[in-house]
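K.L.:
In this text, residue positions in the sequence shown follow our numbering: the first is 484, and each later residue adds one.
All residues carry an ideal CB built from backbone N, CA and C; glycine is no exception.
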Amino acid sequence: MELLFILFSAVFINNYVLVQFLGMCPYFGVSKKTETALGMGLSVMFVMTLASVFTFLFYEYVMVPLGITYLRTVVFILIIASIVQFVEVFMKKMFKVLYAMLGVYLPLITVNCAIFGVTLINIQNRYSMDNYSFVESIVNSLGAGAGFTLAMLLLAGIREKYENNPDVPEVFNGFPLALFSAGLMSIAFMGFMGLI
């Protein structure tokens, strides 16, 4: 039951894009089409989960015993960058079309503050009153990635619906309408805060 609560909370209540406003660059940059939004969302979910696994284990079993926890920012970024390189090479070989569609945004996963934020929050929750275990941290990461993917797909669907719509005033076309739509979605997701 606790794991379901963590998963639901990460997807809806503490959505890293729509509630905590992390990872906005790829959120707006890749959400023009649902195919690219899905590809980016799944890539972020994969990298986020792997990064959480490796950072949690490295922090717990190497950094804490050696007393070098003050280096976590540098170490976490290096771990995330290594995982992104792996994903980029894999996608370039296996999914060439998706790799070309994601373009510059795929390497930007390295500096995606949502991924970095999840790894830091998992460590923070480990040593707080929540006392996240390894499994709870992984579930939180999966939920955060699923929430990121959900937010990307919702915005992509909205943007596709309004694309080339003659009823939309010219000044709202493109980014202004995307920003307005994201704001409304954020308000809707903040409504989940009262559930738990």
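#1: Output yes or no for whether 8 Å exceeds the beta carbon distance between Glu643 and Thr556.
#2: For Leu525, which three-state DSSP category applies?
#3: Kindly indicate which residue of Met523, Asn497, Val622 and Met484 has the alpha-carbon position closest to the one of Gly674.
#4: Taking the alpha carbon of Met484 as the point to measure from, which residue in Pro649, Leu667, Phe631 and Val622 has its own alpha carbon closest?
#5: Whole angstroms are fine: how far does the CA of Met676 sit from the CA of Leu487?
#6: If you follow the alpha helix (DSSP H) that Lys644 is part of, which residue opens it and which one closes it?
#7: Thinking C-beta only, is Thr632 closer than 8 Å to Met528?
#8: I need the straight-line Cα distance from Glu571 to Pro590, nearest angstrom please.
#9: Residues in its own chain within less than 7 Å of Ile598 by CB, not counting five upstream and five downstream?
#10: Alpha carbon to alpha carbon, how far is Leu660 from Val654? Give it in angstroms, no decimals.
#11: Please specify which runs of the alpha helix (DSSP H), each continuous and at least 4 residues long, are wholly inside the stretch 558 to 602, giving them in chain order.
#12: Using a Cβ-Cβ cutoff of less than 6 Å, which residues in the same chain neighbour Val651 once the five nearest sequence positions on both sides are dropped?
#13: Tell me which same chain residues have a C-beta within less than 7 Å of the C-beta of Val493, skipping the five on either side of it?
P.N.:
With the structure as the only source:
#1: Cβ atoms of Glu643 and Thr556: not closer than 8 Å.
#2: Leu525: helix per DSSP, three-state reduction.
#3: Gly674 has its Cα closest to that of Asn497, out of Met523, Asn497, Val622 and Met484.
#4: For the residues Pro649, Leu667, Phe631 and Val622, the minimum Cα distance to Met484 belongs to Val622.
#5: Approximately 16 Å, taken between the alpha carbons.
#6: Residue range Phe617 to Tyr645 is occupied by the alpha helix (DSSP H) that includes Lys644.
#7: In contact: Met528 and Thr632 (Cβ atoms closer than 8 Å).
#8: Their Cα atoms are separated by approximately 7 Å.
#9: If you ignore the 5 residues before and after Ile598, its C-beta comes within less than 7 Å of the C-beta of Val527, Val530, Met531, Ala534, Ile563 and Ile592, all in its own chain and listed in chain order.
#10: One C-alpha to the other measures close to 9 Å.
#11: Whole alpha helix (DSSP H) segments, 4+ residues: 579 to 585.
#12: The residues are Tyr645.
#13: It is Ala, not Val, that sits at residue 493 in the sequence shown. Result list for Ala493: Asn623, Gly626, Ala627 and Gly630, in chain order.
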